[in-house]
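Enquirer: Count the sequence shown with the working numbering and you get residues 16 to 757, in order.
Below is the structure I would like to discuss, written out as structure tokens.
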Amino acid sequence: MTHPKNIFSWTQKRPRPQDAAPFLPMSREEMEQLGWEQCDVILVTGDAYVDHPSFAMAIVGRFLEAQGFRVGIISQPDWHSAQDFRKLGKPRLYFGISAGNMDSMVNRYTADRKIRSDDAYTAGGEGNRRPDRAVVVYAQRAREAYPDANVVIGGIEASLRRIAHYDYWSDNVRRSVLPDSKADMLLFGNGERSLAELTHRLAAGEPIASIRDVRGSAFMVPPGWKPGHDWVETGSARLDVPGKVEPHPNPYTDVPGYANACASEVADDPAEVPVRVLTREERQAALRDKNAKTVVRLPSFEQVKDDPVQYAHASRVFHLESNPYNARALVQAHGTGAGKRDVWLNPPPLPLSMEEMDRVYGLPFARASHPSYGKAKIPAWEMIRFSITIMRGCFGGCTFCSITEHEGRIIQSRSEPSILREVEAVRDRTEGFTGVISDLGGPTANMYRLNCKEPEVQATCRRLSCVYPGICVNLDTDHSKLVSLYRKARELPGIKKILIGSGVRYDLAVRSPEYVKELVSHHVGGLLKIAPEHTEENVLSKMQKPGIGTYDTFRKMFEKFSREAGKEQYLVPYFIAAHPGTTDEDMVNLALWLKKNNFRLDQVQTFMPTPMAIATTMYHTRKNPLHRVSADSEEVETPRKGQTRKLHKALLRYHDPENWTILREALRRMGRSDLIGNGPNCLVPAWKSAPVGGFGARRPVAGAFAPSASKGGKQPAKTPAGKFAAGSKHRKGGVPIKSGKR
């Protein structure tokens, strides 16, 4: 397995000052106070500047500062002219452009395409402080301000729009963000490793146009360009036409000779499939890929924009080429004739080591919002200021979520001492701390230090999920290190309570009763959020989520340990309406399950097709890229019409009188009039409105709380040092920063 250069081993551009800047400068006056005439790097973000490791721009800025560079920040500039982009002068090396911790379209619009009135990443929660498609707008304004400055784009928005992609808000396939933004380079995924290399090489005098080998980078090149004469180009059609993926050597096979079970065509229940681990010789042979210098050509933008099968095929190959240890470079043509150009994507960046993670999160953050905001509250900061990120990445592979496409599926964890030091920093330095840590988590609460048991196996694997349709035999599911962390954290002086706010992956948790007992006995504040998402196998298979039976197993453990601890606690289940693959009958069955289990959801989430997610491909193409794609392959029923999406959302809130009219009409149309009436098995009453205290009366029940509406397409929220943008889920409920945690 490749061992990359330590991100802190680069020779510093200049010696670090004894004390880091209190805040990275946002004005000329602050630059003068630091004795600076010019910034090396200027970061432009659509978010308010909060100097905290949950905000990507803070991580990026402090990380580059630690490398000896002078970094300034332009936060939420007025995009109507280039004036604000000149406020710090011209950067010596480059502008680093990001939309912020969220995709700007997800930030500004609901799942029903309605403009949001507020923005959790803005002081005072004020809305309309960033433009649509902010990366493109900011990059163009930066270029207008200084035409000869280098422009590098990154963050969640750029990362998930790096190739041609379906855009829900325009209902069209859009080009890669690179040609639209006219940026010199795009950095995708977690940013520290590629940022360190790019910035130091630019500082050494290399022109940005000649830097073409940084992992995690994408750029525009002439048609047919390759890094060297020894590179080989292969068409994606060779890998997936239609049928199984090219038999890449991998460690999973259900029968000898079929080496692709890991990549795609797995049985419905892999727990029932015999798994054979390849021999050491076979693994070594797999690592000796004679086509290591291979680039895979995806269908062009012109091909995928009008052909759903080609789009689904490109999506499938893209996701199978996402493991940083075996992914190959990708290339996609944009344009025709004289204007034709290729978008070239290098393989993803390699994960950070534990030592590197510790140093990143140990940087001198002020742990506060910039003083220029005065007493104005920033909702996203208020939500996470007492929380701590303990890991990055997610191997769950949920198709509606884009965390894997940004952070990767390989878990990157901090050490126990590093996390405990941050708990003490929160206690000692965060204003208003009352002794309660609101979260020790990340994209998921309980993947801390869980990874593949065999590095050689991990290096050759192409599975899209380590836990679906069943938990891989090579996955380490030992939660003991997380249990130890919880115990030590709550024993620190001044710490009254450690809550777990990130979503618990319950199919993993049931493997460790000790963890569930520890969690339930000490770290639940009355409510624990988990995400079944649905009850019907037809839908769950499109989500890559476990069956509802696994939820029932966890629920019984939760109730048992709650009773033993003498606590009255409830589960808060999350469900998604109108997910691809969902029929009206599926939603009726889910509603019946909710009623049977006495759940009355307060708010619900409707699926939002976000760029690069596999479920978005299903939504757009009605094809299932989890399996081989052809014109005759499986059709995925997709709720696209507003009335259908409204019905599915209403079924999740069957108890709300405002929904009874639409539900009665739909149930009669479906031939389910038996569900209309006053009986115990009915969903809606026969009368037009509910009497006081009657059928629809509100009452507190277990699970009466649920996530905020319109967050069906999950995006990272607690930021990793993702390039110039957000990090961890990303995550579901409340204000947007919770949009991704499951």
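Ideal Cβ positions, reconstructed from N, Cα and C, are used throughout, including at glycine.
Suppose only complete runs of 4+ residues qualify. What are the alpha helix (DSSP H) ranges in the region 77–146, listed by chain order?
Expert: Fully enclosed alpha helix (DSSP H) runs of 4 or longer: 119–123.
Enquirer: What is the DSSP secondary structure of residue 643, counted as helix, strand or coil?
Expert: In this structure, residue 643 counts as coil in the three-state DSSP scheme.
Enquirer: State whether the region 628–645 contacts the region 316–332, with contact taken as three or more CB pairs (one from each stretch) at a distance under 8 Å.
Expert: Judged by Cβ distances under 8 Å, the region 628–645 makes contact with the region 316–332, as three or more pairs qualify.
Enquirer: Residue 34: buried (16+ other C-beta within 10 angstroms of its C-beta) or exposed?
Expert: Exposed, by the Cβ-count rule.
Enquirer: Please report the straight-line C-alpha distance between residue 354 and residue 235, rounded to a whole angstrom.
Expert: In a straight line, the C-alpha of residue 354 is about 12 Å away from that of residue 235.
Enquirer: Give the single residue among 481, 164, 607 whose Cα lies nearest to the Cα of residue 419.
Expert: It is 481.
Enquirer: If you draw a straight line from the C-alpha of residue 136 to the C-alpha of residue 394, how long is it?
Expert: Rounded to the nearest angstrom, the two C-alpha atoms are 7 Å apart.
Enquirer: Buried or exposed, going by whether 16 or more other CB atoms sit within 10 Å of the CB of residue 95?
Expert: Burial call: exposed.
Enquirer: When the Cα atoms are used, what is the spatial distance from residue 653 to residue 367?
Expert: Rounded to whole angstroms, residue 653 to residue 367 spans 38 Å at the Cα level.
Enquirer: In the DSSP assignment, find the alpha helix (DSSP H) that holds residue 579 and state where it starts and stops.
Expert: Residues 563–579.
Enquirer: Counting along the chain, where does the beta strand (DSSP E) carrying residue 664 start and finish?
Expert: Careful: residue 664 lies outside any beta strand (DSSP E), inside the alpha helix (DSSP H) at 657–667.
Enquirer: Given the structure, does residue 589 come close to the ligand PLP, in the sense that its CB is under 6 Å from one of the ligand's heavy atoms?
Expert: Here there are no bound small molecules, and the ligand PLP is not part of this structure.
Enquirer: In its own chain, which residues sit with a C-beta less than 8 Å from the C-beta of residue 144, not counting the 5 before and 5 after it?
Expert: The residues are 61, 91, 134, 137.
Enquirer: Is it buried or exposed for residue 457, if we count other Cβ within 10 angstroms and need 16 for buried?
Expert: Classification of residue 457: buried, given that the 10 Å Cβ count is 16 or more.
Enquirer: Check whether the Cβ atoms of residue 531 and residue 558 lie closer than 7 Å to each other.
Expert: Not closer than 7 Å, so no.
Enquirer: When the Cα atoms are used, what is the spatial distance from residue 121 to residue 625?
Expert: Each residue's Cα considered, the two are about 8 Å apart.
Enquirer: How close, in whole Å, do the beta carbons of residue 459 and residue 628 come, if the pair is a contact with beta carbons under 8 Å?
Expert: Residue 459 to residue 628, Cβ: 17 Å. No contact.
Enquirer: CA-CA distance, residue 158 and residue 174?
Expert: Their backbone Cα atoms lie some 20 Å apart in a straight line.
Enquirer: Does residue 461 come out as helix, strand or coil in the three-state DSSP assignment?
Expert: Note: residue 461 maps to coil in three-state DSSP.
Enquirer: Taking 7 Å as the limit between beta carbons, can you name the residues of its chain near residue 319, skipping five residues before and five after?
Expert: So the list reads 179, 188, 325, 326, 329, once near-sequence residues are dropped.
Enquirer: Assuming residue 344 and residue 362 make a contact with CB atoms under 8 Å, what is their CB distance in whole Å?
Expert: Right, the Cβ-Cβ distance comes to about 6 Å (below 8 Å), so this counts as a contact.
Enquirer: Find out if the Cβ-Cβ distance for the pair residue 373, residue 433 is shorter than 7 Å.
Expert: Yes, the pair counts as a contact, with Cβ atoms nearer than the cut-off.
Enquirer: Alpha carbon to alpha carbon, how far is residue 184 from residue 514?
Expert: Going by the C-alpha atoms only, they are around 36 Å apart.
Enquirer: Closest to residue 24 by C-alpha separation, out of 44, 574, 450, 78, would be which residue?
Expert: Nearest C-alpha to residue 24: 78.
Enquirer: In this structure, does DSSP put residue 250 in helix, strand or coil?
Expert: Residue 250 falls in the strand class under three-state DSSP.
Enquirer: Quick check on DSSP: helix, strand or coil for residue 285?
Expert: For residue 285, the predicted model reports a pLDDT of 33, less than 50, meaning its position is unreliable and no value from the coordinates is stated.
Enquirer: Could you give the first and the last residue of the continuous beta strand (DSSP E) run that contains residue 348?
Expert: From DSSP, the beta strand (DSSP E) with residue 348 extends over 344–349.
Enquirer: If we call anything under 7 Å between Cβ atoms a contact, is residue 678 one with residue 616?
Expert: Taking 7 Å as the Cβ cut-off, residue 678 and residue 616 do not qualify as a contacting pair.
Enquirer: Buried or exposed, going by whether 16 or more other CB atoms sit within 10 Å of the CB of residue 516?
Expert: Buried: at least 16 other Cβ atoms inside 10 Å.
Enquirer: Whole alpha helix (DSSP H) runs in the region 427–453 with 4 or more residues, listed along the chain?
Expert: List check, alpha helix (DSSP H) in window: 431–444.
Enquirer: Looking at residue 450 and residue 425, is the spacing between their C-beta atoms short of 7 Å?
Expert: Not in contact: residue 425 and residue 450 (Cβ atoms no closer than 7 Å).
Enquirer: Is residue 532 helix, strand or coil when you go by DSSP?
Expert: Reduced to three states, the DSSP call for residue 532 is helix.
Enquirer: Given that a residue counts as buried once 16 or more other Cβ atoms are within 10 Å of its Cβ, and exposed if not, what is residue 444?
Expert: Under this definition residue 444 is an exposed residue.
Enquirer: Does the Cβ-Cβ distance between residue 588 and residue 547 come in under 7 Å?
Expert: In this structure, residue 547 lies closer than 7 Å to residue 588 by Cβ.
Enquirer: Tell whether a beta-carbon distance below 7 Å holds between residue 65 and residue 396.
Expert: Their beta carbons are under 7 Å apart, which means residue 65 touches residue 396 by this criterion.
Enquirer: Measure from the alpha carbon of residue 365 to the alpha carbon of each residue in 156, 465, 473, then state which is nearest.
Expert: Closest by alpha carbon: 473.
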